[in-house]
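Undergrad: If you're matching positions, the sequence shown starts at 1 in the UniProt record's numbering and goes up one per residue. We put the CB at the ideal spot given by N, CA and C, even for glycine. Please read all numbers here as calculations on a predicted model, not as lab measurements. Here you go, one structure.
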Amino acid sequence: MRMAAAVATGLVLLAGCGGAGGGKDGDGKGDGAGKGERPGGPARGASATTHLKNIPDVGTALRSRIPADSGQVVAVYGKGVDSADATVVLYDKGAKGWDRDSSWTAHNGRRGWTADHHEGDKRSPVGVFSLTDAGGVLQDPGAKLPYTHSSAFTPPSYWAKSTRHDFDYVVAINYNRVKGTSPLDPSRPQGQSKGGGVWLHLDHGSGTSACVSIPKSGMRALLRALDPARHPVVVMGDRAHLAA
Numbered sequence: 001m002r003m004a005a006a007v008a009t010g011l012v013l014l015a016g017c018g019g020a021g022g023g024k025d026g027d028g029k030g031d032g033a034g035k036g037e038r039p040g041g042p043a044r045g046a047s048a049t050t051h052l053k054n055i056p057d058v059g060t061a062l063r064s065r066i067p068a069d070s071g072q073v074v075a076v077y078g079k080g081v082d083s084a085d086a087t088v089v090l091y092d093k094g095a096k097g098w099d100r101d102s103s104w105t106a107h108n109g110r111r112g113w114t115a116d117h118h119e120g121d122k123r124s125p126v127g128v129f130s131l132t133d134a135g136g137v138l139q140d141p142g143a144k145l146p147y148t149h150s151s152a153f154t155p156p157s158y159w160a161k162s163t164r165h166d167f168d169y170v171v172a173i174n175y176n177r178v179k180g181t182s183p184l185d186p187s188r189p190q191g192q193s194k195g196g197g198v199w200l201h202l203d204h205g206s207g208t209s210a211c212v213s214i215p216k217s218g219m220r221a222l223l224r225a226l227d228p229a230r231h232p233v234v235v236m237g238d239r240a241h242l243a244a
C-alpha cells in the first residue's frame with residue numbers, strides 16, 4: 001500500500017522537491033561546484049578529528065537541538081548565507097566522543113540559507129532535522145533506513161538534462177514532512193507555504209531549490225551508514241547560523 005501511494009504521488013511531489021512548489025530543483029543556474037573545504041579538521045584518523053566533545057563549528061543554539069540519543073550527525077557546512085556551496089561531513093558518536101567519518105563537497109539552495117524557509121525561496125532551511133526515510137530510482141544499495149524503490153522519483157522531462165539522475169538516491173530531511181513515510185509522501189504538516197520535499201540527493205554541480213546534494217559515492221555511503229537504531233540527524237546551515 002505504501003509503495004502504491006508513493007508511485008501515485010511521485011511526479012506531483014518531484015515538481016516541488018526542495019520546497020520549490022513547481023520549481024526545477026537544480027536547473028543548472030546555481031553558484032557552481034564547491035571548493036572542498038574541510039570544516040572540522042583533517043581527514044579521519046588524525047587526532048584533531050577523533051573523540052570530539054561536540055560537532056565542530058556548531059554553536060549551542062543548534063547543538064542543544066541534537067537529541068541525546070543521536071549517534072550519527074550529518075553536518076552540512078554552508079559556505080555563506082547567500083552561497084550554494086557547502087561541505088557535508090558524517091560524524092559518528094562513540095564512547096569517547098564524536099569521530100569524523102567521511103566528507104564530501106556539496107551544494108544547498110541556490111540562493112543560500114534561511115532560518116524561515118518558505119516555498120519557492122530557493123534557500124535551504126537552517127536547523128536540526130531527523131533522518132528516517134530513503135528511496136530512489138535505483139535499487140536499494142544496502143540502506144539501513146526504510147527504502148522506497150520507485151520510478152516515481154524520476155525528475156520530469158522538462159527539467160535540465162544535468163538533473164536527470166538527481167534522485168537516483170535520496171534521503172528525506174524531516175523538514176515539514178511526516179516521518180516514517182516514503183520521501184514521496186506529499187504531506188506538509190506545517191502547510192504548503194512552508195515548503196517541503198527537502199532531501200539529500202545526488203549532486204549535479206550547482207545549487208538546488210532547497211535540497212542538499214552530494215556525489216553519488218557519498219549518497220551510497222550515507223545510505224549504507226545511516227542506522228535508524230542510532231537516530232541520525234542532519235545539522236545544516238551556513239557558517240554564521242551554525243556557529244550561533
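Please return the same chain residues whose Cβ sits closer than 6 Å to the Cβ of residue 88, not counting the five positions on each side in sequence.
TA: Here residue 88 refers to the residue found at position 88 when the sequence shown is read from its first residue. The residues are 76, 104, 106 and 214.
Undergrad: Do residue 171 and residue 241 come within 7 Å of each other at the CB atom, strictly closer than that value?
TA: For the purposes of this step, residue 241 is taken as residue 241 along the sequence shown, with counting starting at 1. For the purposes of this step, residue 171 is taken as residue 171 along the sequence shown, with counting starting at 1. For residue 241 and residue 171, no; Cβs fall outside 7 Å.
Undergrad: Please state if the CB of residue 109 and the CB of residue 122 are separated by a distance shorter than 7 Å.
TA: If you number the sequence shown from 1, residue 122 lands on position 122. If you number the sequence shown from 1, residue 109 lands on position 109. Yes, the Cβ-Cβ distance between residue 122 and residue 109 is below 7 Å.
Undergrad: Would you kindly work out how many angstroms separate the C-alpha atoms of residue 217 and residue 175, rounded to a whole number?
TA: For the purposes of this step, residue 217 is taken as residue 217 along the sequence shown, with counting starting at 1. For the purposes of this step, residue 175 is taken as residue 175 along the sequence shown, with counting starting at 1. Each residue's alpha carbon lies about 24 Å from the other.
Undergrad: Where do the ends of the beta strand (DSSP E) carrying residue 132 lie?
TA: Translated into positions along the sequence shown, residue 132 becomes position 132. Residue 132 -> no beta strand (DSSP E), and no H or E assigned at all.
Undergrad: Do the segment 147-161 and the segment 174-193 touch if we need at least three Cβ pairs shorter than 8 Å?
TA: Yes, since at least three Cβ pairs between the segment 147-161 and the segment 174-193 fall closer than 8 Å, the two stretches touch.
Undergrad: Output needed for residue 269: all residues of its chain with C-beta closer than 6 Å, excluding positions within five of it in sequence on either side, in chain order.
TA: In the structure as shown, the chain starts at 1 and stops at 244, and residue 269 therefore has no counterpart that could be examined.
Undergrad: Taking 7 Å as the limit between beta carbons, can you name the residues of its chain near residue 178, skipping five residues before and five after?
TA: Translated into the one-based positions of the sequence shown, residue 178 becomes position 178. Answer for residue 178: 185, 187 and 189, listed in chain order.
Undergrad: Is the separation between the beta-carbon of residue 223 and that of residue 134 shorter than 7 Å?
TA: Here the question's residue 223 lines up with position 223 in the sequence shown. Here the question's residue 134 lines up with position 134 in the sequence shown. Against a cut-off of 7 Å, the Cβ pair of residue 134 and residue 223 comes out as a contact.
Undergrad: Does the Cβ-Cβ distance between residue 166 and residue 156 come in under 7 Å?
TA: By 1-based counting over the sequence shown, the position of residue 166 is 166. By 1-based counting over the sequence shown, the position of residue 156 is 156. No, they are not a contact pair.
Undergrad: In terms of residue numbering, what span does the beta strand (DSSP E) encompassing residue 245 cover?
TA: Absent from the model: residue 245. The displayed extent of the chain is 1 to 244, so no value can be given.
Undergrad: Quick check on the DSSP output: the beta strand (DSSP E) that includes residue 220 runs from which residue to which?
TA: Here residue 220 corresponds to residue number 220 of the sequence shown, with the count starting at 1. No beta strand (DSSP E) contains residue 220, which is instead part of the alpha helix (DSSP H) from 216-225.
Undergrad: Do you know whose CA, among 203, 192, 143 and 194, lies nearest residue 164's CA?
TA: Residue 164 sits at position 164 when you count from the first residue of the sequence shown. It is 203 whose Cα lies nearest to the Cα of residue 164.
Undergrad: In the structure shown, what three-state DSSP assignment does residue 105 receive?
TA: Your numbering for residue 105 matches position 105 in the sequence shown. Correct three-state label for residue 105: strand.
Undergrad: Beta-carbon within less than 6 Å of residue 142's beta-carbon, same chain only, minus the 5 sequence neighbours each way: which residues are those?
TA: Counting from one through the sequence shown, the residue named residue 142 turns up at place 142. If we look at residue 142 and ignore the five residues flanking it on each side, its Cβ neighbours are 224.
Undergrad: Let me know if residue 139 comes out buried or exposed under the rule of 16 or more other beta-carbons within 10 Å of its beta-carbon.
TA: As a position in the sequence shown, residue 139 is number 139, starting the count at 1. Answer is exposed; the Cβ neighbour count stays below 16.
Undergrad: In angstroms, rounded to a whole number, what distance separates the CA positions of residue 100 and residue 205?
TA: Translated into positions along the sequence shown, residue 100 becomes position 100. Translated into positions along the sequence shown, residue 205 becomes position 205. So the two alpha carbons sit approximately 24 Å from each other.
Undergrad: From the DSSP output, which residues share a beta bridge with residue 148?
TA: Indexing the sequence shown from 1 puts residue 148 at position 148. Residue 148 pairs with 135.
Undergrad: Residues in the same chain with beta-carbon distance under 7 Å from residue 66, minus the five sequence neighbours each way, listed in chain order, please.
TA: The count along the sequence shown starts at 1 and reaches residue 66 at position 66. Closer than 7 Å at Cβ, skipping near neighbours: 73, 128, 233 and 235.
Undergrad: Here's the rule: buried if 16 or more other CB atoms are within 10 angstroms of the residue's CB, otherwise exposed. What is residue 69?
TA: If you number the sequence shown from 1, residue 69 lands on position 69. Counting Cβ neighbours within 10 Å, residue 69 comes out exposed, since fewer than 16 surround it.
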